[in-house]
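Novice: Protein sequence lines correspond, in order, to chains A and B.
Under our numbering, read the first sequence as residues -4 to 114, first letter to last.
Under our numbering, read the second sequence as residues 11 to 125, first letter to last.
Okay, here's the structure, questions in a sec.
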Amino acid sequence: AQKVTQAQTEISVVEKEDVTLDCVYETRDTTYYLFWYKQPPSGELVFLIRRNSFDEQNEISGRYSWNFQKSTSSFNFTITASQVVDSAVYFCALSEAYAGGTSYGKLTFGQGTILTVHP
Amino acid sequence: GAGVSQSPRYKVAKRGQDVALRCDPISGHVSLFWYQQALGQGPEFLTYFQNEAQLDKSGLPSDRFFAERPEGSVSTLKIQRTQQEDSAVYLCASSKQYSGANVLTFGAGSRLTVL
C-alpha cells in the first residue's frame, strides 16, 4: 500500500524567510509521480509541481524549488522569500502509475502542513 | 466552465437524512474523482469515473455511499442515512486524460455537517 507522510503539522515563519516542507513516501511501484498541492482558505486544491520517479533532477520555478531523493524516498518543497499569500495548507501526494493494470492518476495524500507566513 | 463547480457548498443534514452532492467538471474532462477530506486531514480517495464508467469505487466507506456519472459529465455523490462520521468536505476533481501523470483540477468542495 502507498503512504505519504508529512511530519510537520504546522510551520510559522516571518515574511521573506525561506521555508522547506518535508515529505516522505512509501510505494512498491517502480513508476510513480509525486505532486505538491496547495489548499488556501477557499478550499480548492491548487496544483504546484509534479515530478516522475525517473527524474531526480531538482528544479527551481520562481520562488518554488523541490528536492527529490529516491534513495531516501523524500520529495521536499521549498518556498524562497515567503510571502503572506503563501499561507495555506500544503499537501504532498503520490500517484501510482499502474494499479491493477489501470493507470488513471489516483492520488494518495499526506496529512498536510499548515504554513502561516506573518507580515 | 472554467473550473470544477460543486454544489451545494454547505449542507447541514440531520442524522438519517439522505444527501446528494453535485459536481460539474471541466467540459471535456474524461476523468472524474471524488475525495473525502475530514477536518485537519488530507483528502482520501472515494471513487473514480472514466467518462460514464465507474472504474474504481474501492474508497467508498460503506454501501450508504453511491456515485454516478450517467452521461459522462456531471456527477452526483449520494449518501444515504447520513451518520455523524460522514461530516467532511467532499472534493471533486477532474482531468483531461487518465494516467498517473494527471494533474487534477479540484473544485472548492461541499462541506457536509451531520447533526
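Using N, Cα and C, we set each Cβ at its ideal position, and we do this for glycine too.
#1: Can you check whether the C-beta of G57 (chain A) is within less than 8 Å of a C-beta belonging to chain B?
#2: May I ask you to list, following chain order, the residues of the stretch 46 to 57 of chain B that have a beta carbon less than 9 Å from some beta carbon of chain A?
#3: Could you name the residues of chain B that N47 (chain A) contacts, counting a contact when the two beta carbons are closer than 9 Å?
#4: Could one say the Cβ of S82 (chain A) lies closer than 8 Å to chain B's Cβ atoms, at least one of them?
#5: Per DSSP, which one or two residues make a beta bridge with Y20 (chain A)?
#6: If we define contact as Cβ-Cβ less than 8 Å, is G117 (chain B) a contact residue for chain A?
#7: Under 8 Å: do the stretch 43 to 51 of chain B and the stretch 42 to 51 of chain A share three or more Cβ pairs, one atom per stretch?
#8: With H, G and I counted as helix, E and B as strand and the rest as coil, what does DSSP make of Q64 (chain A)?
#9: Between A:S56, A:W61, A:P114, A:S7, which lies nearest to C18 (chain A) when the distance is taken from Cα to Cα?
#10: Report all residues from its chain with a CB closer than 8 Å to the CB of V84 (chain B); omit the five preceding and five following residues, and keep chain order.
#11: Are the CB atoms of V113 (chain B) and S105 (chain B) nearer to each other than 8 Å?
#12: Nearest to Q93 (chain B) by alpha carbon, out of B:V29, B:Y20, B:G13?
#13: Contact check, Q64 (chain B) vs S41 (chain B) under 8 Å by CB: the rounded distance?
#14: Nearest to S77 (chain A) by CA position, among A:V9, A:F49, A:T108, A:Q1, is which residue?
#15: By a C-beta neighbour count over all protein chains shown, 10 Å radius and 16 as the cutoff for buried, is Y85 (chain A) buried or exposed?
#16: Spell out the partners DSSP gives A118 (chain B) in its beta bridges.
#17: Just checking my contact of A118 (chain B) with G38 (chain A) at CB under 8 Å: how many whole Å lie between their CB atoms?
#18: Quick one: measure Cβ to Cβ for T103 (chain A) and K(-2) (chain A), integer angstroms, because I've assumed they're closer than 8 Å.
Specialist: Based on what the coordinates show:
#1: no
#2: Q47, G50, Q51, G52, P53, E54, F55
#3: G110, A111
#4: no
#5: A:V(-1)
#6: yes
#7: no
#8: strand
#9: A:W61
#10: R32, C33, D34, P35
#11: yes
#12: B:V29
#13: Rounded, the Cβ-Cβ distance is 12 Å, inconsistent with contact.
#14: A:V9
#15: buried
#16: Answer is none; A118 (chain B) lacks a bridge partner.
#17: 4 Å
#18: 7 Å
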